[in-house]
Each structure stands twice: as C-alpha cells, then as structure tokens.
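A.B. asks: Chains as they are written, first to last, in our numbering: chain A, 1 to 125; chain B, 1 to 280; chain C, 1 to 138. Below is one structure. I have some questions about it.
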Amino acid sequence: MTDRVPILKLGRVLLVSIQIDLEDQTVLDLQDDLAERIVTTGAIGVVIDITALEIVDSFVGRMLANAAAISRMLDAETVVVGMRPAVAITLVELGLSLGGVRTALTLEKGLALLERGRATSADRG
Amino acid sequence: MAAAESSERLVRLLTHDSEILDRWVEAVAEILRGRISRAELERELTDLYQALGQALREGGLNWRAEEYSEVRALLVELSRNRAQHGFTPTETATSLFACKDVVAPTATSSAEDISAYLQLGRLLDALGLFTIEAYARTREEIISAQAEQLLELSTPVVKLWEGVVAVPLVGTLDSARTQIVMEKLLQSLVDSESEQAIIDITGVPAVDTEVAQHLLKTVVAARLMGAECTISGIRPQIAQTLVALGVRFDDIVTKATLADALRYVLRRIGTEPAATGGPK
Amino acid sequence: MTRLAEDVEQTVPIVSNDDVVRARQLVRTLAQQCGLSLVDQTKLVTAASELARNTLVYGGGGAMHCATVRRDGRRGVHAVFEDSGPGIPDLDLALTDGWTSGGGLGLGLSGARRLVDDFELDSRTGVGTKVSVTKWAR
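If you want it as structure tokens, here you go:
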C-alpha cells in the first residue's frame, strides 16, 4: 500500500499539493483519483502545487500533461503552480515542454488565473 | 672538487662585502622609485639574499635543484606581490638583475673573480626569467578572477515595474554566461513574483546558435514556471545571422527596444504606463 | 580521461518503485557533497530517475552503483545502472527523441544523456544493459 496524495476541495476548485518525493505508483494513483474527484465534486478548476518538488522527470511530467488533458475533457481547467527554476531548466533540457498545461508562479496567481478564466467563459456563455 | 671550489668562490663573491645587500636594496629602490616601502623591500631582499647564499653553498649553480626550493618560493612570492601591485615584468625581473651590478668586477678584480661573476650572472639571468614566468602566472590568475567577477556584475537582473523584471545584457554572450543569466532571471521571477521578464540584447554584438538556443530555453523555462519572456533590442545583423543559422523565434514576443517591450508587458498586465504620468 | 574514485561505491538494488526513489535520494546526497550547483543537482537526479526507471521497467530490475569521483581537480558524481534484461537491439534508435518501446514519452535515454556530462551506453541483446553517467561540478 503506497501513500496517496491528498486532494483538497476549495469551493469549486480542487487543490493538489505534492509534498513528497513521488513514487511512480503514487503518480498513477493521483491521476486516477483526480479524474474521479473532478466528476464527483463538479469542480471547474484544478491547481497542482509542485513548489515542494525537487525534480520532475518524464513520468511526473507526463502525469501533469495527462491530468490537464483529462480535466479539460471533464470541463475543468488545470493550473500547475510553483515550479522551481532548476526544475524548469531541467524539463526544457529533457525535452518536455508540457504543452497544453497552464502554469502560474504561485498558488495565489494560479487561483486568480482560474478565476479570470471562468469570468471570460461566463462572458462568452 | 672543482664544483665545490667554484661554488665557494661564488658564495664569497656574493658575501665578501657586508655592504652588498645594502647596495642591492638601494639599487632596487631606485628602480621601483618609492612605490614599495623601504622596509618591505629590505625584508624581501634580505630573505632572498640569505636564501641565495645558502643555495649557492649547497646546490651550486643548478637553480632547478632541491637546494634552491626556498629561493624559488621567495621569488614566486616576490613576483606575485609585484604583479598584484601593478609593477611591470621588467621592474620585477630587474630586482634580480640589479644584484649583478652590485657584484660587478672592477679593474682590480682577479680573473677568477671575473669568471665567478660571469657564472653568477648567468644564474641571476635564469632566476630573473623565472620571476617573469611566475609574474605571468599571477597575472593570468588575476585576469581569470576578474573575468568571473565581471560575469557576475555584467548580468544584473533589475525590477522595472511591479511584476516586471529585466536583464539588460551588454557584451559578448557565451554559453556559460547565458546559462548564468538564465538561472538568475528565473530565480528573480520567483523572488519578486514577477510574471513578466524582458531580456534586452541591445548591447550584444553577436549571437551564435548555442546562445540563441539558451535564450530560447530560458523563454520556455519561464513559461513552464508561469511567466512570460519578451526579448528586445535584436539588432538587424543579429536577426540576419539567426535566420541564416536556422534559429526561429516564432513563438516568442520580440520588440525593437526595451521601451517598446516595457510598454507591451505593462499592457499585458493591465497597467497603462500613461496612467502614472510617464511619457506617452 | 581516467576517473579517480573518491569514495567507496554505494549500491542500490532496483527491483521496485520505491527503489527508484531511493536511487534518486542517494544521487542527490552525493551531488550535494560534490558541490554541484542546484541546477546541476536537479539535472543529475532527474537523469538518475529516468535511468533507474528504465532499469526497472525495461531491464526487469537491476542495480545502481554510485560514487563521487575526481578528475583534473574537479569533483563529480558517477552512477552506473545495470540490468540483465533483454538488452536494446538498436542503440541509435533507443537514443532518438520520441522513440519508445514501452509506454513512456521516449525521452528517458535521450533526455538523460542531455542532462549529464558523460554518458556511456552498453547493451547486448539477451545479456543486459549498462548505462554509465557522470556529472561534474562547474
């Protein structure tokens, strides 16, 4: 039995704060749990906080991209926040650009981004 | 036997007169014209004079021998000092050559003394060249240390506006420097929570493929962190070179000047520069 | 080109997912000891993570040997990932971006190579694969 990353609900936004060195199984579990929770809570946004992550390898990178794609399909926007400079430089060197994943510097800015996104889509709707 | 005898004569030549050291200090002080204190000079040359006498006694003329290790160490220290205080290599080496004048033969010198003088002269010439090498090494160390400091100084990240940081790059960009800039810029985005960065390359005379790649990577890395990068001040020649090299900045916002870039990013973050009373 | 081992080599068996985490942690500790910059530490640990996962997933398990090394006055971390799996039939293809035999993004080997200073790949079909990497302090 491996640890699971907790998913918190803040209004209509789900907050995932990754605090541990991730094992591959934990990463896969998180992806499953997240999809599940988006549907059960009717969330319109997901913020994944990776401030504490010292590395993001291709496996975690793929999870972030998948999470963004899955949540978009379930009508929720995903924002990845708090990526460290060293992690960003490494991802670029690794060849991962995380296309389709929205990013923000901090949790606060990430939540604001979701807020703005909702306002514009409400205008259109 | 003959070698021992000749080294004995050399030692005598150097030490027969108690005034030799004083006259040597005098001669060197003349050359350096007060840019080094008399006391310091005296200390330096006394150490050297004594070490040289002992080395001659024990090691003969072979200045590369073990017996000369102290002489060499003193010379290295002397050369370092001279290099650090801005003396020329000539001024450094003449400190040794001056000793030759002091022990130079006179009309009354014996033939043996003259031959000893010639031998000592050759030794001092070799040691003089040794100081020049040590001098050059020190200068190289100084230059590389300065280059490193310059690298730090020449890549300042400045906050231009609330939420906007910029790096005005001046001078030739190499791969190492570009990498340092990249890391500093990205860290400053985190520290100042800025979502906009401007890389201004007005002061950069040329950009090669590798440097262009580093700039591109910086922009992508900033984007991964949730910030946007604008590149300003690309000179026409640089644009031509980059296109010829096959580098495209398609996906990146570029502006002609730093001012244009600032105006652009302020509009992006919803702050009109005119609103603060600045020039339109 | 000789590398001088500074310390005793440490070995981490890689037979499960949490061994990959352990391998990463050991590499990070050594990288910090060597005074690698934060960015270089991150690059090396990320490369180690990719390679350890390859050892586990494609090599069917194996081990990582890791030690701090010294060359020409520079310090570095040297890590070797070994398995006795099926091996890689086409090395050039395996080092191409985007090529994958498993379910990954195909960035494991080629990406890891870009993240380190020295990279050696030795693989024999039916015998196993050995990847050696070194990252030097700047």
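In this text, a Cβ means the ideal position worked out from N, Cα and C, and glycines have one as well. Given the structure is predicted, the values throughout are model-derived calculations rather than measurements.
(1) What are the residues that DSSP puts in a beta bridge with phenylalanine 119 of chain C?
(2) What distance in whole Å lies between the Cβ atoms of arginine 22 of chain C and valine 45 of chain C, which are believed to be in contact at a cut-off of 8 Å?
(3) Which same chain residues, not among the five before or five after valine 11 of chain B, have their C-beta less than 7 Å away from its C-beta?
(4) If the cut is a Cβ gap below 8 Å, which residues of chain B does alanine 68 of chain A touch?
(5) When you compare only the Cα positions, how much space is there between glutamine 32 of chain C and methionine 73 of chain A?
(6) When the cut-off is 8 Å and only beta carbons count, does threonine 276 of chain B lie next to chain A?
(7) Closer than 8 Å by beta-carbon distance: list the chain C residues that pair up with glutamine 25 of chain A, in chain order.
(8) From aspartate 208 of chain B to glutamine 237 of chain B, what does the alpha carbon distance come to, in whole angstroms?
(9) Between the alpha carbons of valine 116 of chain C and alanine 126 of chain B, how many angstroms are there, rounded?
(10) Counting along the chain, where does the beta strand (DSSP E) carrying aspartate 200 of chain B start and finish?
(11) At a cut of 8 Å, does the stretch 54-62 of chain C reach the stretch 86-96 of chain A through at least three beta carbon pairs?
(12) What residues match up with threonine 103 of chain A in a beta bridge as DSSP calls it?
(13) Where do the N-terminal and C-terminal ends of the alpha helix (DSSP H) with leucine 215 of chain B fall, by residue?
(14) Where do the N-terminal and C-terminal ends of the alpha helix (DSSP H) with glutamate 82 of chain C fall, by residue?
(15) Could you tell me the alpha carbon to alpha carbon distance between threonine 202 of chain B and proline 168 of chain B, rounded to whole angstroms?
(16) Check distances from the C-beta atoms of the stretch 38-56 of chain A to those of chain B and list, in chain order, the residues that come in under 7 Å.
(17) Which word fits threonine 218 of chain B, buried or exposed, when buried means at least 16 other C-beta atoms lie within 10 angstroms of its C-beta?
(18) Check whether the stretch 14-31 of chain B and the stretch 100-117 of chain A are in contact - that is, three or more C-beta pairs closer than 8 Å.
(19) Beta-carbon separation of leucine 185 of chain B and alanine 176 of chain B under 8 Å?
(20) Who are glutamine 10 of chain C's beta bridge partners in DSSP?
(21) How close, in whole Å, do the beta carbons of valine 5 of chain A and leucine 30 of chain A come, if the pair is a contact with beta carbons under 8 Å?
(22) Nearest-angstrom Cα distance between valine 47 of chain A and methionine 83 of chain A?
(23) Whole angstroms is fine: what's the gap from glutamate 8 of chain B's alpha carbon to leucine 14 of chain B's?
C.D. replies: Answer, in terms of the structure:
(1) C:Val133
(2) Actually they do not touch by this definition, with Cβ atoms about 12 Å apart.
(3) Gly53, Leu56 and Arg57
(4) Here the premise fails: no neighbours, minimum Cβ distance about 13 Å.
(5) 42 Å
(6) Low confidence applies to threonine 276 of chain B: its pLDDT is 44, below 50, so where it sits in the model is not reliable, and the reading given next is rough at best. Chain A, which has no Cβ nearer than 8 Å to the Cβ of threonine 276 of chain B, makes this no.
(7) Asn17
(8) 12 Å
(9) 47 Å
(10) Its beta strand (DSSP E) spans residues 196-203.
(11) no
(12) A:Val80
(13) 209-225
(14) If you look at glutamate 82 of chain C, you'll find it isn't in any alpha helix (DSSP H); it sits in the beta strand (DSSP E) that goes 74-83.
(15) Between threonine 202 of chain B and proline 168 of chain B, the C-alpha separation is close to 8 Å.
(16) The residues in question: there are none.
(17) Under this definition threonine 218 of chain B is a buried residue.
(18) The stretch 14-31 of chain B is not in contact with the stretch 100-117 of chain A.
(19) Cβ atoms of leucine 185 of chain B and alanine 176 of chain B: not closer than 8 Å.
(20) C:Cys66
(21) 5 Å
(22) 12 Å
(23) Roughly 10 Å separates the two Cα atoms.
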